[in-house]
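Colleague: Residue numbers (this note's numbering), protein chains in the order written: chain A, 795 to 1086; chain B, 1044 to 1369; chain C, 2 to 431. Note that CB positions come from ideal geometry on N, CA and C, so glycine has one too. Have a look at this one before I ask anything.
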Amino acid sequence: MSLPRRDREPRVNLVRRFVRRPGRLAAETAALLTAAVVAFPLYWMVLSAFKPAGEIESAEPRPWTLAPTLDSFRRVFGQQEFGRYFLNSVVVAVAVVVASALIAFLAATAVTRFRFRMRTTLLIMFLVAQMVPVEALTIPLFFTMRDLGQLNTLWSLILPHIAFSLPFAIWMLRGFVKAVPEALEEAAYIDGASRARFLWQILFPLVLPGLVATSVFSFISTWNDFLFAKSFIISDISQSTLPMALLVFYKPDDPDWGGVMAASTVMTIPVLVFFVLVQRRLVSGLGGAVKD
Amino acid sequence: MTSLMKPGAPDRRRVRTHGGTAGPRGGGRTAPHPRRKSSRAPWLYLAPALVVLGGLLAYPIYQLGLISLFHYTQAQVSGGEPTTFEGFGNYARLFGDEQFWQVLLATVVFAAACVLCTLTVGCALAVLLTRVRAVPRLALMLAALGAWATPAITGSTVWLLLFDADFGPVNRLLGLGDHAWTYGRFSAFFLVLLEVVWCSFPFVMVTVYAGIRAVPSEVLEAASLDGASQWRIWRSVLAPMLRPILVVVTIQSVIWDFKVFTQIYVMTGGGGIAGQNLVLNVYAYQQAFASSQYSLGAAIGVVMLLILLAVTLVYLRLLRRQGEEL
Amino acid sequence: MKLSARTVAVAAVLATAACAPQTSGTTSSDKDEKTGTLRVWLFQEVNNTPKEQVVDTVLAEFEKAHEDTEVTVEYIPVETRAQRIKAAFNDPGSAPDLIEYGNTDTAGYVKDGGLADVTEEFAAWDEAADTDATARQSVTVDGKVYGAPYFVGVRALYYRTDVLDELGLDVPRTQAELISTAKEIRAARPDLYGIAVGGAYTYGAMPFIWAHGGELATGKGGSYASAIDSAAARKGIEAYTSLFGDDNCPAAKCAGMGGNDTVTAFASGKAAMAIGGDFSHAAVEAGKVKGKYAVVPLPGVAAGSVAPAFAGGNNLGVLKSTSHRTLAVDLMKRLASKKAQGALFEGMGFLPTFSDVRQQAAAKESFVKPFVDTLAADTKFVPASPAWAQIDSSQVLPTMFQEIVSGKKSVAAASGDAARKMNEAFGSAG
């Protein structure tokens, strides 16, 4: 690698203009093609949700439909309390996002703005905790929840998910909290602000963008959870969440593809909306998390 | 807010460090902030986190280890028979079981393949993103976000439909007739791999793309002016500069892909024909919740935990070597 | 101070032993509430609507008879029943009060301590006297009764009359003929499976093993030993697995199928023959092949003989943990009553467990005849050991069949492995 040499620049600009064009065209074609391939499964999902039954189960699948219908969605919402499952999923996800964001905010503040013994040890522990395969803990958690009498309740999903999203959230928020200048804090204290006031009225709003990026992860992992829902909500179907409801339509011997795809669409849309909303924050937030 | 967003001194440092003048560890690091010395306040702030993590992470890990040392099946759980201490009996049974080794091998190979594909695709597309104008970039970004946002379970069912032997468009497109993708061991794993890569490359792409954007543009210009090929630029300029990011995404991918559950469970119907597509996670679940061998499942969980712990230690060492301040 | 490894190990053992994981203590509930909500789990059948109607009628009467009671019924998929029911044993708080369970699971559930002993109530129930002996046996463990028989399930050969006529084939009279007929059909009509078989369809495969003189396990009472790898059993396994392949039922499709899948394939006109139960009748009638099929007992090895059938069927049982014992027992009796079983027979084709009701049914509906004939010929049962529930739920036999049909292992190797796993289960569950 060498440094640019000024004297070569004008000529190169000319060359670049000619050389770059075809290169860029190829790159842009590739990008658009990839985008199409990546988006195809989602397109097919939505398409199949709207196709009439006869067109889905046809040996000649066509990438369009001339007779879109809401039948599959009707079947989904006609199924026992689908709305209820949707609500359950929302309750669990929102509870986890809010709780883990607040707890992580406090913890991240502690490890970045204070020096105390065991700080580094704690940080390493958070890092290690992040790596714990939560699925392996299904067995002991099942018994813990049973002993607490929380099986079949939404708490059995909320509590573990808070615990599992915390380490990553703390780790990620650290960068954001650190980025708030010390001077600001000092100024606040000079102005006579209490510690709590500084924490909630000054630091919190400043870190909010980071919190949003963090919540994407806790939201997804909670919303997508299948294993815990399958293992902990064992008999009370009124406490089921969406993934279980979706599987009702997916019977291995005779799947109702229209129903599965309609339910999948309903389940995917909230996450998609959430993602698009926080998209910008996410990109910068990730940068902040992985490198501070 | 971060060095990444504001390209500046720290980035240069990384280049230099990699270049061989690996001076004192974290030589360019900014001096630690003056922090208040308070003994109680930080613990107050940490209390909720520690309580939650202690109760729902540390305690279950302890219990997991405990259960793995007992003979713990349905009869013990529901109180029909007393629990008996077995020591390492469950582990002996596990390690003596040929299937366990097969599953372990499959898990490692499968996870490695997933990680490799995810990283390759993610990095390649991140580079591609930097070379195109706004419209194609937005298109690819949105498509990737869509894949990322798709819950594992819906992703699995959609990919099953795409590759369905009778009604799927893929077989039609490739002229494969009614080839059943989930029947063969490798083709089933391959199908799951496609889904896993599809939903996990966006994380890599977005992160690496954010990293590349933070690289000072003069550096890249200079490289391309020198006539370096794409691959060479990546190899000798970008990759070294992005090393910290690459380490993070690699480790994250290893961890995610090592414990894939939903995709295998849904797409191969709980582990495939004759259990050919089992990975450790699904195997543990089947042992514990299907066959009620809770202690055996717990032992598998412990093995998984130890493997990932080893990966974490490697990660920590890498972080330390980079002179990252914790 | 330096601790030796041994000291540490001993200390660790002591520490862990001191706080062994607790058990749920599913001792029977003390409470016996006379009002409230009863939870019931029944199996989801291929065509479930008629079953729901019968159940709903019973529930309406039940709720009328008992003030301030409500019943919620959940239909659970048969494939995941083991997990669901075990989970229920684990958590008495959320468990249902009454469940339907396969008669092969009785011994295992009793050992798990999940089912309530209803010997007294059963003896005092006037209708129980007409329960046939096999059915009564299927709810009994060590002389105690743990439920009420719900229906008898026995399988026979469904075949398409139109396809056989068209190809000029006779109804197979031996297992060898069955296999050759299946392949001839497939050769002439590649769009059909000759006979739909499934790698996970254990109860469809068992008659082949038994017909060749094989056994699943030998022994009595507490000590069983697997016999799945005996020469005779292997011959049966070979016969069954020879049906997987492009010349009958391609392994790529059929290796993963279970019993319900094969019935679905037959009902939707994708197979010329299938091994289905009396309980499959409604689903087949509701399918595309209505009026184009007939049923005969599954042939044995010798011409004219009947392959021993698996004496299946389901029972209803009250969970030990119920806090509404009296109500749950009453509901169980109502659901399994002669009247309800008669209605269930009409709706679903489930064979009643009461001898007299079954006779009436056979007189009314001719389709019952092959099943009754099969019952009369010879029936066999899975080992009456609690280990069976475990062997079943850890998929020992389906794995064996799938290994063979997918070419991963030879019959000898796969059956040897299966025998080892079975013996392990017999040994540990005793």
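DSSP beta-bridge partners for C/Tyr159?
Modeller: Against the third sequence, residue 159 of chain C aligns to sequence position 158. Its beta-bridge partners are C/Ala275, C/Val296.
Colleague: So who's on the other strand from C/Pro150, going by DSSP bridges?
Modeller: The sequence position of residue 150 of chain C within the third sequence is 149, counting from 1. In DSSP, C/Pro150 forms a bridge with C/Asn316.
Colleague: I need the DSSP call for B/Pro1085, collapsed to helix, strand or coil.
Modeller: Translated into positions along the second sequence, residue 1085 of chain B becomes position 42. Note: B/Pro1085 maps to helix in three-state DSSP.
Colleague: Going along chain A, which residues have a C-beta under 9 Å from C/Asn91?
Modeller: For the purposes of this step, residue 91 of chain C is taken as the residue at position 90 of the third sequence. Per Cβ cutoff of 9 Å: Phe936, Phe937, Arg940, Leu945, Ile1028.
Colleague: For C/Arg82, does the count of other Cβ atoms within 10 angstroms reach 16, so buried, or fall short, so exposed?
Modeller: Against the third sequence, residue 82 of chain C aligns to sequence position 81. Buried, since its Cβ has 16 or more Cβ neighbours within 10 Å.
Colleague: Taking the alpha carbon of C/Ile229 as the point to measure from, which residue in C/Arg421, C/Ala426, C/Gly428 has its own alpha carbon closest?
Modeller: Within the third sequence, residue 229 of chain C is the residue found at index 228, counting from 1. The shortest Cα separation from C/Ile229 among C/Arg421, C/Ala426, C/Gly428 belongs to C/Arg421.
Colleague: Quick check on B/Leu1323: does DSSP put it in helix, strand or coil?
Modeller: As a position in the second sequence, residue 1323 of chain B is number 280, starting the count at 1. The answer is helix: DSSP assigns B/Leu1323 an H, G or I state.
Colleague: Please list the partners that C/Leu419 has in chain B, where partner means a Cβ-to-Cβ separation under 9 Å.
Modeller: Position 418 of the third sequence holds residue 419 of chain C. First, the amino acid is wrong: residue 419 of chain C is Ala here, not Leu. Near C/Ala419 there are no residues of chain B at all, since even the closest Cβ is about 11 Å away, more than 9 Å.
Colleague: Quick one: does A/Ile1031 have its CB under 7 Å from some CB of chain C?
Modeller: Numbered from its first residue, the first sequence carries residue 1031 of chain A at position 237. Closer than 7 Å to some Cβ of chain C, the Cβ of A/Ile1031 qualifies, so yes.
Colleague: Less than 7 Å between the C-beta atoms of A/Pro855 and B/Pro1212, yes or no?
Modeller: As a position in the first sequence, residue 855 of chain A is number 61, starting the count at 1. As a position in the second sequence, residue 1212 of chain B is number 169, starting the count at 1. Yes; because the gap between Cβ atoms is below 7 Å, this pair is in contact.
Colleague: Closer than 7 Å, CB to CB, is C/Glu64 near chain A or not?
Modeller: Position 63 of the third sequence, counted from the first residue, corresponds to residue 64 of chain C. No, C/Glu64 does not count as interfacial toward chain A.
Colleague: C/Pro78 bridges to which residues according to DSSP?
Modeller: The residue labelled residue 78 of chain C in the question sits at position 77 within the third sequence. The partner list for C/Pro78 (beta bridge, DSSP) reads C/Gln45.
Colleague: Return the first residue and the last residue of the alpha helix (DSSP H) that B/Gly1344 is part of.
Modeller: Counting from 1 along the second sequence, the entry for residue 1344 of chain B is found at position 301. Residues 1337-1364.
Colleague: When burial is assigned at 16 or more other CB atoms within 10 Å of the CB, is C/Trp211 buried or exposed?
Modeller: Taking the first residue of the third sequence as 1, we reach residue 211 of chain C at position 210. The residue is buried, with at least 16 neighbouring Cβ atoms inside 10 Å.
Colleague: Could one say the Cβ of A/Met795 lies closer than 7 Å to chain C's Cβ atoms, at least one of them?
Modeller: Within the first sequence, numbered from 1, the residue matching residue 795 of chain A stands at position 1. Any answer about A/Met795 is weak, because its pLDDT of 38 lies below 50 and its placement is not dependable; what the coordinates show is given next. Chain C contact via Cβ: absent.
Colleague: With distance defined between alpha-carbon atoms, name the residue in B/Leu1219, B/Gln1142, B/Pro1245 nearest to B/Thr1193.
Modeller: Numbered from 1 along the second sequence, position 150 holds the residue referred to as residue 1193 of chain B. Ranking B/Leu1219, B/Gln1142, B/Pro1245 by Cα distance to B/Thr1193 puts B/Pro1245 first.
Colleague: Identify the contact partners of C/Glu75 in chain A, using a Cβ-Cβ distance below 7 Å as the criterion.
Modeller: The count along the third sequence starts at 1 and reaches residue 75 of chain C at position 74. Ordered by position in chain A, the residues that pass the 7 Å Cβ test against C/Glu75 are Ile1031.
Colleague: With three or more beta-carbon pairs closer than 8 Å as the criterion, would you say the region 279-295 of chain C touches the region 1260-1274 of chain B?
Modeller: No, because fewer than three Cβ pairs between the region 279-295 of chain C and the region 1260-1274 of chain B fall closer than 8 Å, the two stretches do not touch.
Colleague: Given that A/Tyr1044 touches chain B, what residues does it touch there, using C-beta distances under 7 Å?
Modeller: Translated into the one-based positions of the first sequence, residue 1044 of chain A becomes position 250. Thr1200, listed in chain order.
Colleague: Buried or exposed, going by whether 16 or more other CB atoms sit within 10 Å of the CB of A/Asp1019?
Modeller: As a first step, residue 1019 of chain A is located in the first sequence; it is residue number 225 there, counting from the start. By the 10 Å Cβ count, A/Asp1019 comes out buried.
Colleague: What does the alpha-carbon distance come out to for the pair C/Ala275 and B/Asp1209?
Modeller: Within the third sequence, residue 275 of chain C is the residue found at index 274, counting from 1. Within the second sequence, residue 1209 of chain B is the residue found at index 166, counting from 1. Using only the alpha carbons, I get a separation of about 21 Å.
Colleague: Between the beta-carbon of C/Val198 and the beta-carbon of C/Leu170, is there less than 7 Å?
Modeller: Start at 1 with the first residue of the third sequence, and residue 198 of chain C comes out as number 197. Start at 1 with the first residue of the third sequence, and residue 170 of chain C comes out as number 169. No, these two residues do not count as a Cβ contact at 7 Å.
Colleague: If you measure from the beta carbon of B/Gln1145 to each beta carbon in chain C, is any gap under 7 Å?
Modeller: Locating residue 1145 of chain B in the second sequence gives position 102, counting from the first residue. For B/Gln1145, the answer is no, since every Cβ of chain C falls outside 7 Å of its Cβ.
Colleague: Determine contact between the region 910-930 of chain A and the region 988-996 of chain A, defined as no fewer than three beta-carbon pairs at a distance below 8 Å.
Modeller: Counting Cβ pairs under 8 Å, fewer than three are found: no touch.
Colleague: On a Cα-Cα basis, can you pick out the residue from C/Leu165, C/Ala124, C/Leu168 that is closest to C/Gly148?
Modeller: Within the third sequence, numbered from 1, the residue matching residue 148 of chain C stands at position 147. Residue C/Ala124 is the option with its Cα nearest to C/Gly148.
Colleague: How about B/Ser1111 and B/Ala1271: do their beta carbons lie closer than 7 Å?
Modeller: Locating residue 1111 of chain B in the second sequence gives position 68, where the first residue counts as 1. Locating residue 1271 of chain B in the second sequence gives position 228, where the first residue counts as 1. Contact: no.
Colleague: How big is the Cα-Cα spacing for C/Ala234 and B/Ala1155?
Modeller: As a first step, residue 234 of chain C must be located in the third sequence, where it is residue number 233. As a first step, residue 1155 of chain B must be located in the second sequence, where it is residue number 112. Going from the Cα of C/Ala234 to the Cα of B/Ala1155 covers about 42 Å.
Colleague: From the beta carbon of B/Ile1196, is the nearest beta carbon of chain C less than 7 Å away?
Modeller: The sequence position of residue 1196 of chain B within the second sequence is 153, counting from 1. No, because no Cβ of chain C sits closer than 7 Å to the Cβ of B/Ile1196.
Colleague: Taking the alpha carbon of B/Gln1142 as the point to measure from, which residue in B/Ser1334, B/Gln1319, B/Gln1306 has its own alpha carbon closest?
Modeller: Position 99 of the second sequence, counting from 1, holds the residue named residue 1142 of chain B. It is B/Gln1319 whose Cα lies nearest to the Cα of B/Gln1142.
Colleague: Give me the Cα-Cα distance between C/Ser281 and C/Val47, rounded to the nearest whole angstrom.
Modeller: As a position in the third sequence, residue 281 of chain C is number 280, starting the count at 1. As a position in the third sequence, residue 47 of chain C is number 46, starting the count at 1. Between C/Ser281 and C/Val47, the C-alpha separation is close to 8 Å.
Colleague: Okay, do the region 1309-1325 of chain B and the region 1271-1290 of chain B touch, 3+ Cβ pairs below 8 Å being the bar?
Modeller: Segments in contact, no.
Colleague: Identify every residue that forms a DSSP beta bridge with A/Ile1027.
Modeller: Here the question's residue 1027 of chain A lines up with position 233 in the first sequence. According to DSSP, A/Ile1027 bridges with nothing at all.
Colleague: Can you find a C-beta in chain A that's less than 7 Å from the C-beta of C/Ala197?
Modeller: Counting from 1 along the third sequence, the entry for residue 197 of chain C is found at position 196. Output row for C/Ala197: interface = no.
Colleague: Roughly how many whole angstroms lie between the Cα atoms of A/Phe1068 and A/Thr932?
Modeller: Stepping through the first sequence from its first residue, residue 1068 of chain A is reached at position 274. Stepping through the first sequence from its first residue, residue 932 of chain A is reached at position 138. Going from the Cα of A/Phe1068 to the Cα of A/Thr932 covers about 28 Å.
Colleague: Can you grab the Cα-Cα spacing for the pair A/Ser1058 / C/Glu185, in whole Å?
Modeller: Locating residue 1058 of chain A in the first sequence gives position 264, counting from the first residue. Locating residue 185 of chain C in the third sequence gives position 184, counting from the first residue. Distance between the alpha carbons of A/Ser1058 and C/Glu185: 43 Å.
Colleague: Return yes when the Cβ of A/Ala901 is within less than 7 Å of the Cβ of A/Ile964, no when it is not.
Modeller: Position 170 of the first sequence, counting from 1, holds the residue named residue 964 of chain A. Position 107 of the first sequence, counting from 1, holds the residue named residue 901 of chain A. Yes, Cβ-Cβ distance for A/Ile964 and A/Ala901 is below 7 Å.
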